[in-house]
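Given below as structure tokens:
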């Protein structure tokens, strides 16, 4: 049961990452909200470093290595195409300083989560960043004028990829905090899927009307 849930998590998130990379380069955009990306990349980097330092290479750590590798390409889509989404009232010369500051913040927060909470820190932090990501996906959809870089393949796999460890850590291992965070992740993921589906449907109707006339 435990291995099955971890396997589902690994497969679903890997599919989501691959789709984010594919759509990002295809549509010249980035699909993962930046703050969530910074937290994600930081968590995976720290976990990979700890695994190599302590020589604890197992299925979970190998999956994290794969995620970190894929996250590098997602980060590339942000660096290549992120400037166009930078606030228009702010000069784009602040894009890189802002990016660097956010990454420093993300690494520091993720590091001290582990220092403060030990082995539980990596679990708590990953669920908190997942909740942040779920909310920011909705925010990104609302504030952009299109749904480029986003689709239901990403949304569904993100949802299932978070739901599986929620069952594992929240129900099987009995962490009430993880269960609460996981429930809210699912709630916002489902809301996001509904909004995204509506936006895609509206866009398709608009295209059909344009072709018709």
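Residue numbers (this note's numbering): 151 to 363. Every residue gets a Cβ at the ideal spot worked out from N, C-alpha and C, and that includes glycine.
Let me make sure I understand the geometry here. Which of the options has the alpha-carbon closest to that of residue i?
i, options, result
"residue 348", "332, 291, 165 and 256", "291"
"residue 269", "242, 345, 196 and 190", "196"
"residue 278", "164, 163, 157 and 189", "189"
"residue 216", "200, 168 and 244", "168"
"residue 317", "301, 300, 303 and 335", "335"
"residue 319", "300, 338 and 275", "275"
"residue 303", "158, 157 and 170", "170"
"residue 271", "315, 193, 241 and 345", "193"
"residue 309", "328, 280, 300 and 174", "280"
"residue 339", "324, 314 and 306", "306"
"residue 191", "260, 157, 352 and 325", "260"
"residue 173", "343, 323 and 301", "301"
Take the Cβ of residue i as the centre, count every other Cβ of all protein chains shown within 10 Å, and call the residue buried at 16 or more, exposed below.
i, result
"residue 153", "exposed"
"residue 228", "buried"
"residue 258", "exposed"
Round the Cβ separation of residue i and residue j to the nearest angstrom and send it over; I've been treating them as touching at under 8 Å.
i, j, result
"residue 245", "residue 232", "7 Å"
"residue 311", "residue 166", "6 Å"
"residue 288", "residue 341", "6 Å"
"residue 273", "residue 328", "6 Å"
Okay, do the region 208-221 and the region 253-264 touch, 3+ Cβ pairs below 8 Å being the bar? no
Stretch pair the region 277-286 + the region 171-179: three plus CB contacts closer than 8 Å: no
For the pair the region 199-212 and the region 295-313, tell me if three or more CB-CB distances fall below 8 Å. no
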